[in-house]
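Residue numbers (the working numbering): 108 to 336.
Put into C-alpha cells, the structure is as follows:
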C-alpha cells in the first residue's frame, strides 16, 4: 500500500511530538520531515516533495499562510492542511483563496486530522462545517465586506512583496534591523530599505503601527508579538 508522505510543521516541540505520535499510528502515513518555522518548512517542502503538509498558522520567522503561498507557488499540486488555535474567519478566507486543501482547529478530533490528510491527499478538501457555516453567514450579513476591506488586496498582504512580508513579520516579533539582516542573510541597509517601503505602502510610520497591522492581518498572532504597545 502506498503511503502518504507528510511534512509536519509546528513550532512547539511538545505539540509536534504529539502530532508525530498520532500520525505514526496510521499505517498509510509516513512523516518525511518536520520543521519548527516557516522558512525551513518552505525549504523542506521543496527538498522532500511530501504529498501533504500539515502546518500551524502561527509560527516564528514566516507564518503558515505566507509559507503556504510560497510552497504552492513552487508546487501548485502540493496539498496543505493548515492548523490554527483560533477560528478566525480571515484565516479561513485566505486559506480558501490560496487554494489550501484543508483547515483544522487545534481542538479538532484525531479522527478529523486523519480524515483531513486522507481527503486532501486524494485531491479533495476538508474544512470544519462550523467554520464554513460562519464564513457563509458572515458574507451574507455583509460582515465579509469588512473582512475584505481590513485585509485589502493580495491575500491581506497590502501589496507587499514576499521579502517585505518576511521583514514585516520579524519586525512584529521584535527583531532589530541587525537581527533581521542576520536572519534573512541580507545587509542592514537592505533591511532599512525594505522597512521604508513597507511603511510607505501601508501608510504606517512607527513600529507599533506595523505590529498592529501584522496582528490585524494574521501575519503574527498575539503570542509572537513584540512588546511595543
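Glycine included, C-beta positions come from ideal geometry on N, C-alpha and C.
Note that the structure is a prediction, hence the values are computed from the model and not measured.
Close Cβ partners of residue i (< 7 Å) along its chain, the five nearest in sequence each way excluded
i: residue 147; result: none
i: residue 185; result: 152, 160, 178, 179
i: residue 181; result: 153
i: residue 320; result: 309, 311
Rounded separation between residue i and residue j - CA only
i: residue 197; j: residue 132; result: 33 Å
i: residue 137; j: residue 315; result: 43 Å
i: residue 116; j: residue 187; result: 11 Å
i: residue 207; j: residue 313; result: 33 Å
i: residue 262; j: residue 201; result: Low local confidence applies: a pLDDT of 42 at residue 262 is under 50, so the model's placement there is unreliable, with the coordinate-based value given in what follows. Going from the Cα of residue 262 to the Cα of residue 201 covers about 6 Å.
i: residue 78; j: residue 134; result: In the structure displayed, the chain extends from 108 to 336; residue 78 sits before or after that span and is not available.
i: residue 119; j: residue 143; result: 7 Å
i: residue 189; j: residue 214; result: 13 Å
i: residue 167; j: residue 240; result: 30 Å
i: residue 169; j: residue 110; result: 29 Å
i: residue 125; j: residue 277; result: 28 Å
Check whether residue i and residue j have beta carbons under 7 Å apart
i: residue 155; j: residue 145; result: no
i: residue 284; j: residue 299; result: yes
i: residue 231; j: residue 158; result: no
i: residue 326; j: residue 275; result: yes
i: residue 209; j: residue 228; result: no
Close Cβ partners of residue i (< 8 Å) along its chain, the five nearest in sequence each way excluded
i: residue 127; result: 115, 138, 141
i: residue 219; result: 211, 233, 235
i: residue 217; result: 129
i: residue 123; result: 115, 117, 141, 143
First and last residue of the uninterrupted alpha helix (DSSP H) at residue i
i: residue 224; result: 217-228
i: residue 303; result: 295-309
i: residue 269; result: 269-279
Where the beta strand (DSSP E) containing residue i begins and where it ends
i: residue 182; result: It is not in any beta strand (DSSP E) - residue 182 carries neither H nor E in the DSSP assignment.
i: residue 116; result: 111-116
Residues near residue i by beta carbon distance below 6 Å, same chain, minus five either side
i: residue 176; result: 205
Checklist entry - Where are the beta strand (DSSP E) runs, 3 residues long or more, that stay fully inside the stretch 131-175, in chain order? => result 136-142, 159-163
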